[in-house]
Amino acid sequence: MVAVVLNKSPKPDSGFKYGLELREQSSKEPQGAESLVKIQAAALNHRDVWILKGMYPGISPDSVMGADAVGIVVQNGPSASVEVGQRVLLNPGRGWESDERGPEKDLRMLGLLPCVESVTVDSRGLVPCPSHLSVTEAAALPLVGLTAYRAVFTKALVREGDHVLVTGIGGGVALAALQFAIAAGAHVYVTSSSPDKIERAIQLGAKGGVNYKDSNCMAELKKLLGNNLLSAIIDGAGGPLYAQYPKLMRPGGIIANYGQTASVQGVTYTMGYVLKHIDLRACTLGSRKEFHEMVAFVEKHKIKPVVSRVWQGLNETSINEAIGVMQ
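Counting from 991, one number per residue, gives the positions in the sequence shown under our numbering.
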């Protein structure tokens, strides 16, 4: 089978630590509870750009690209928990069963395996795919859906009637968080540097949005909120706006943070957070239990992930074009 694999030869002037190549690899015969899955579609997100730049831990040459995929079960080990012929989503994480506090043991990614033609995995990490999703929509769900679900519900405890801010709308996790919070009955506001992305979020159900590059963006957000205060902020950026968030949050509010893309220096946790009992909660990926819950939530509310572009075929050209668009 063909796989898209990292190597030590990045293209000149790419800014990457790793390059990409197509490589023939053999499929592993499923044993025990394992299943062989023929990949129908795989998704890339900005995490893959960080990997190519060498900014993601635990990555080495010869790793296969990707973390999101949908496929068909074509062969099972004797104790597999799924049926041959089922269309399934692949849970991107391993080593985390159900503890809401965090992984019971070292959390591992699927192995960066989806950018292959077929893959053998533990069948316990496979979940039947909701029937309302297209192949491309399904491929875009696992990683961003799991992270967003944990951020919105497990960490931020979003419920019907809450006022919620989702920052950096346009990113995969942010878009999923927007959709999940709206489906739960929350009133959602967004930030972005792109008016088009704010408008797209409003079309998806957001109440409004502000440009985070404007110096008065928090004042503009306050106008949108009126007399309401934020119960939760779902954030993947960090950065200087953290110093202003407490003014817009109710006592006991929660910030669920899943990334620090705006600043490697972290965030400013002021006395305002302490006086208003505001929690800052870290979030990345989620448990196998949360993955099952997330897929069930998507199926119940008929949520469709936002897919920006689609490329056909597992080849270096398609992958490189996709990486270029994300940059």
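Cβ coordinates follow ideal geometry from the N, Cα and C atoms, glycine included.
- Between the segment 1276-1283 and the segment 1129-1148, the count of Cβ pairs shorter than 8 Å is three or higher; the stretches touch.
- Linking Gly1115 to Val1078 through their CA atoms gives a straight-line distance of about 10 Å.
- The straight-line gap separating the alpha-carbon atoms of Ala1023 and Val1288 is approximately 26 Å.
- One alpha carbon belongs to Leu1080, the other to Val1060, and they sit about 6 Å apart.
- Gly1044 sits exposed, since fewer than 16 C-beta atoms from the chains shown fall within 10 Å of its C-beta.
- Between Ile1159 and Ala1246, the alpha-carbon positions lie close to 15 Å from each other.
- When the beta-carbon positions are compared, Gly1199 and Ala1209 stay at least 8 Å from each other.
- Contact fails between the segment 1051-1058 and the segment 1150-1157, because fewer than three Cβ pairs, one in each stretch, are under 8 Å apart.
- As the crow flies, the alpha-carbon of Gln1021 is around 33 Å from that of Lys1290.
- Boundaries of the beta strand (DSSP E) around Ile1062: Asp1058 to Asn1066.
- Buried is the label assigned to Lys1145, since at least 16 other Cβ atoms lie within 10 Å of its Cβ.
- DSSP places Pro1132 in the helix class (H, G or I) of the three-state scheme.
- For Ser1025, the enclosing beta strand (DSSP E) begins and ends at Glu1024 to Ala1033.
- Per the C-alpha coordinates, the member of Ala1227, Phe1006 and Phe1143 positioned closest to Val1180 is Ala1227.
- Taking Asn997 as the centre and dropping the five residues before and after it, the same chain places the C-beta of Gly1009, Glu1011 and Pro1051 closer than 6 Å to its C-beta, in chain order.
- Put simply, of Leu1220, Pro1118 and Tyr1263 the residue whose alpha carbon is nearest the alpha carbon of Ala1233 is Tyr1263.
- The beta carbon of Gln1065 lies closer than 6 Å to those of Pro1020 and Leu1026 in the same chain, with the five residues before and after it left out.
- Around the beta-carbon of Asn1035, 16 or more other beta-carbon atoms lie within 10 Å, marking it buried.
- Within its own chain, the residues whose Cβ lies closer than 7 Å to the Cβ of Pro1241, once the five positions on either side in sequence are excluded, are Lys1266 and His1267, listed in chain order.
- Shown here, Val1117 sits in a strand according to DSSP, grouped into three states.
- Under the three-state reduction of DSSP output, Asp1186 falls in the helix class.
- By the criterion of a C-beta distance shorter than 7 Å, Leu1238 is surrounded in its chain by Met1208, Leu1211, Lys1212, Leu1215, Leu1219 and Leu1220, once the five residues flanking it on both sides are discounted.
- The distance from the Cβ of Val992 to that of Leu1304 is about 6 Å, consistent with a contact at the 8 Å cut-off.
- About 7 Å separates the beta carbons of Tyr1202 and Leu1231, which is inside the 8 Å limit, making them a contact pair.
- In this structure, the straight-line span from the alpha carbon of Ser1108 to that of Gly1162 is close to 25 Å.
- Nearest to Ala1176 by alpha-carbon distance, out of Leu1155, Leu1165 and Lys1187, is Leu1155.
- When secondary structure is reduced to three states using DSSP, Pro1051 falls in the coil class, being assigned neither helix nor strand.
- In this model, Pro1000 and Ala1130 are separated by some 26 Å (Cα to Cα).
- Per DSSP, the beta bridge partners of Ser1108 are Lys1028.
- Rounded to the nearest angstrom, the gap between the Cα atoms of Glu1189 and Lys1292 is 22 Å.
- Here the alpha carbons of Val1072 and Thr1126 stand approximately 21 Å from one another.
- For Glu1087, the CB contacts under 7 Å within the same chain, skipping 5 residues up- and downstream, are Glu1094, Ser1277, Arg1278 and Lys1279 in chain order.
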